Structure formats: structure tokens, C-alpha cells
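Written out below as C-alpha cells is the structure these notes cover.
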DNA sequence: TAGACATAGTTGGGATCACCACCTAATCTG
DNA sequence: CAGATTAGGTGGTGATCCCAACTATGTCTA
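Protein chains in written order, with our numbering: chain B, 719 to 856; chain S, 719 to 856.
Quick look at the structure:
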């Protein structure tokens with residue numbers, strides 16, 4: 719297998735592995751992967767619906783339903799924007815924040831074993847290379 | 719941000735980036751990401767339903783429906799196993815193989831730009847580090 | 001070897017998810 | 001102020017995925 723193919727496969731396989739891990743953690747808390755992503759985003763932001771759609775790569779109508787379900791579960795709260803009467807800000811409730819923090823901890827401890835075989839220097843190198851890739855997204 | 723956090727975030731972000739790319743390619747061909755994965759797996763295998771479920775991390779009943787829809791679209795074919803009367807083998811049709819090949823080419827040319835900023839040596843290093851991570855899956 | 005158990009896959013029911021097309025309300029623009 | 005734009009929500013459809021239950025085949029054991 720040539721180097722290019724190996725890299726492509728590595729990226730794809732790691733992505734599926736990560737996705738599977740995150741999905742598993744999410745479903746252990748009766749959440750979908752998308753709900754988990756939503757909570758993670760809201761940990762340090764109070765975006766508008768359109769921002770969420772942009773960030774998640776979803777249609778706005780998809781985000782409506784997503785936030786509906788999260789709100790029904792008591793995890794997030796909609797609040798009207800002061801500046802724009804059409805706009806809505808989404809924020810975590812106290813319970814949502816607790817859950818988001820717990821999920822983050824679980825993600826960390828699930829992913830750690832994957833990278834445990836790498837030295838500190840290798841971890842830094844890998845993080846740097848991944849960063850270079852992410853810079854290319856556009 | 720510490721090195722560990724940076725690595726975790728890099729892995730997560732790269733995963734979502736890859737997933738978004740693959741989903742986009744899939745939907746351009748009226749496929750879901752899962753259908754794309756199915757075709758990719760079948761490029762060099764004729765697994766049983768249970769093998770597919772294992773590989774995709776899905777319930778067997780989910781794979782039943784997945785293969786149903788792919789078969790209805792003329793992309794895959796079920797065939798009875800010789801050895802085990804309960805078992806079913808899944809294989810690509812000629813059309814499925816054409817599509818799988820085309821999809822693979824599209825994935826390659828979509829991902830290439832991401833890694834274009836890396837030297838050949840860096841690509842090898844990245845592929846090796848990702849490989850080390852994948853070895854840890856268990 | 002007959003009966004019990006296990007395995008492969010399917011079916012049906014329910015929730016989520018994601019899209020599209022369309023709708024309302026608020027805001028901006030000419 | 002009239003018309004276009006923007007933010008978000010609705011309703012409908014199909015895919016996805018799970019679980020529980022089921023059929024049919026295969027295996028094992030008493």
C-alpha cells in the first residue's frame with residue numbers, strides 16, 4: 719500500500735473510530751451524536767440558531783428540531799435576542815452544563831487510551847499535523 | 719491550551735471534517751454516509767450480514783434495512799451461502815462496483831487538498847501516528 | 001436421535017435525524 | 001412605506017437506528 723493511500727485510510731479509519739466512540743458515549747446518556755455535539759458547542763457559546771446550523775453543517779430546520787428535543791429534555795433554553803426580534807439565542811441550562819461537562823470528561827477518558835502508546839513528543843507532533851490539516855479546511 | 723487537549727480536539731475536529739466530506743460526497747450520489755461505507759467495504763469482500771453489522775458497528779436489523787435499500791437501488795446483491803443455509807452473502811453488482819470505484823476516487827481527490835500542505839515525510843509520519851492509534855482500538 | 005439451545009437474518013414499531021418546501025414575523029432598503 | 005431579505009419554525013417524507021419478537025437453520029447433548 720502506498721503512502722498516500724495509507725494516510726487516506728488512516729484518516730478515514732480514525733474518523734470512524736472517533737465517531738463510534740462519541741456515539742457510544744452519547745447513547746449511554748440517551749443522546750444522539752448530534753445532541754452531544756450541540757452540548758459541546760454550547761459549553762462556551764450562546765449562538766443563534768443560524769450559527770448552530772453553520773457549525774453543525776445542518777439545515778436550519780434540522781437545528782430547530784434538534785434544539786426542540788434538547789429543550790424538551792431540559793438541557794438547553796431558548797431566549798429572545800435583545801437586538802433582533804427574529805433571533806433566538808440558545809444556551810445550556812444548569813443541567814445541560816452539568817451533562818456537557820460530564821460528557822467532556824468521558825470523551826477525554828475514552829480517547830486517552832488510544833493515544834497512550836504515544837510519547838509526549840509524538841502527541842505534540844500528531845496534534846501539530848492535525849492542526850495543519852484543519853487549517854486547510856477553508 | 720495544553721498538549722493533551724490540543725490533541726483531543728484535533729482528533730475530534732478532523733473526524734467531523736472527514737465525516738462531513740464523506741457525507742457530502744455520498745449525498746451528491748443520493749447515498750447516506752452509511753451506504754457509502756457499505757459500498758467501500760464491499761469493494762474487496764463478500765461478507766455475511768453479521769460481518770457487516772460488526773464492521774459498521776450497527777445492529778443486524780439495521781444492516782437488513784441498509785442492504786434492502788442498496789439492493790433496491792441495484793447496487794448490491796444477496797446470495798445464499800453454500801455452507802450455511804441461514805447465512806447470506808452480500809456483494810456489489812456491476813453497477814455497485816462502478817459506483818464504489820467512482821466514490822473512492824472522489825474521496826481521494828477531496829481529502830488530498832487537506833494533506834497537500836504536508837511534505838512526503840510528514841505524510842508518512844502522520845500515517846504512522848494514525849496507524850499507532852488504530853492499533854490501540856482493541 | 002429427539003429435544004434444547006444457539007445462530008443468521010428478517011420484520012415491525014418507535015424515535016431521531018435530516019432534508020425540502022413553505023410559512024410567519026421582524027428587519028432592512030430604496 | 002412597499003418590497004426584498006433574514007431568522008426561525010412547520011409539516012411532510014424517507015433514511016437510520018434500536019429493540020423485541022419471530023422464522024428457519026444449525027449444533028449440541030442427554
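Here a beta-carbon is modelled for each residue, glycine too, at the ideal position from N, C-alpha and C. In this text the structure is predicted, and so the values were computed from the model without any measurement.
Return the Cβ separation of residue i and residue j in integer angstroms, given the expectation that the two are a contact with Cβ distance under 8 Å.
{"i": "residue 733 (chain B)", "j": "residue 815 (chain S)", "result": "With a Cβ gap of about 24 Å, residue 733 (chain B) and residue 815 (chain S) do not count as contacting."}
{"i": "residue 741 (chain B)", "j": "residue 725 (chain B)", "result": "Rounded, the Cβ-Cβ distance is 24 Å, inconsistent with contact."}
{"i": "residue 808 (chain S)", "j": "residue 760 (chain S)", "result": "7 Å"}
{"i": "residue 771 (chain B)", "j": "residue 778 (chain B)", "result": "5 Å"}
{"i": "residue 757 (chain S)", "j": "residue 793 (chain S)", "result": "7 Å"}
{"i": "residue 799 (chain S)", "j": "residue 743 (chain S)", "result": "In fact, because the Cβ distance is near 32 Å, the residues do not count as touching under 8 Å."}
{"i": "residue 835 (chain S)", "j": "residue 854 (chain B)", "result": "6 Å"}
{"i": "residue 823 (chain B)", "j": "residue 721 (chain S)", "result": "Their Cβ separation, rounded to whole angstroms, is 18 Å, which puts residue 823 (chain B) and residue 721 (chain S) out of contact at 8 Å."}
{"i": "residue 806 (chain S)", "j": "residue 767 (chain S)", "result": "5 Å"}
{"i": "residue 847 (chain S)", "j": "residue 843 (chain B)", "result": "7 Å"}
When burial is assigned at 16 or more other CB atoms within 10 Å of the CB, is residue i buried or exposed?
{"i": "residue 841 (chain B)", "result": "buried"}
{"i": "residue 728 (chain S)", "result": "buried"}
{"i": "residue 755 (chain B)", "result": "buried"}
{"i": "residue 820 (chain S)", "result": "exposed"}
{"i": "residue 833 (chain S)", "result": "buried"}
{"i": "residue 845 (chain B)", "result": "buried"}
{"i": "residue 788 (chain S)", "result": "buried"}
{"i": "residue 746 (chain S)", "result": "exposed"}
{"i": "residue 812 (chain S)", "result": "exposed"}
What does residue i touch in chain B if you count any residue whose Cβ is under 8 Å from its own?
{"i": "residue 765 (chain S)", "result": "What residue 765 (chain S) touches in chain B: nothing, since even the nearest Cβ is about 16 Å away."}
{"i": "residue 855 (chain S)", "result": "735 and 832"}
{"i": "residue 852 (chain S)", "result": "728, 731, 732 and 735"}
Run through chain S and tell me which residues come within less than 9 Å of residue i, C-beta to C-beta.
{"i": "residue 761 (chain B)", "result": "Result: empty, since nearest Cβ-Cβ is about 12 Å, beyond 9 Å."}
Using the beta-carbon of each residue, which ones in chain S are nearer than 7 Å to residue i?
{"i": "residue 778 (chain B)", "result": "By Cβ distance, chain S contributes nothing, its closest Cβ being about 17 Å from residue 778 (chain B), past 7 Å."}
{"i": "residue 845 (chain B)", "result": "721, 724, 725 and 728"}
{"i": "residue 775 (chain B)", "result": "738"}
Going along chain B in order, which residues have a C-beta closer than 9 Å to the C-beta of residue i?
{"i": "residue 800 (chain S)", "result": "Neighbours of residue 800 (chain S) on chain B: none; closest Cβ ~31 Å, over 9 Å."}
Using the beta-carbon of each residue, which ones in chain B are nearer than 7 Å to residue i?
{"i": "residue 840 (chain S)", "result": "847"}
What does residue i touch in chain S if you count any residue whose Cβ is under 8 Å from its own?
{"i": "residue 817 (chain B)", "result": "The contacting residues do not exist; residue 817 (chain B) stays about 18 Å from chain S at best."}
Following a CB-centred definition, is residue i positioned closer than 7 Å to any heavy atom of the ligand ATP?
{"i": "residue 806 (chain S)", "result": "Ligands displayed in this structure: none; no statement on the ligand ATP is therefore possible."}
Legend entry - Residues within the segment 727 to 742 of chain B neighbouring chain S, beta-carbon criterion of under 7 Å: 728, 729, 730, 731, 732, 733, 735, 736, 737 and 738
Inset, instruction - Jot down the residue ranges of each uninterrupted beta strand (DSSP E) in the segment 769 to 809 of chain S, minimum 3 residues, whole runs only, in chain order. - result: 794 to 798
Inset, instruction - With 9 Å as the C-beta to C-beta threshold (strictly closer), list the residues of the segment 743 to 758 of chain S near chain B in chain order. - result: 755 and 758
Legend entry - Selection of the segment 819 to 836 of chain B by Cβ proximity to chain S, strictly under 9 Å: 825, 826, 829, 830, 831, 832, 833, 834, 835 and 836
Inset, instruction - Mind listing, in chain order, the continuous alpha helix (DSSP H) runs of no fewer than 4 residues lying wholly within the segment 742 to 768 of chain B? - result: 751 to 760
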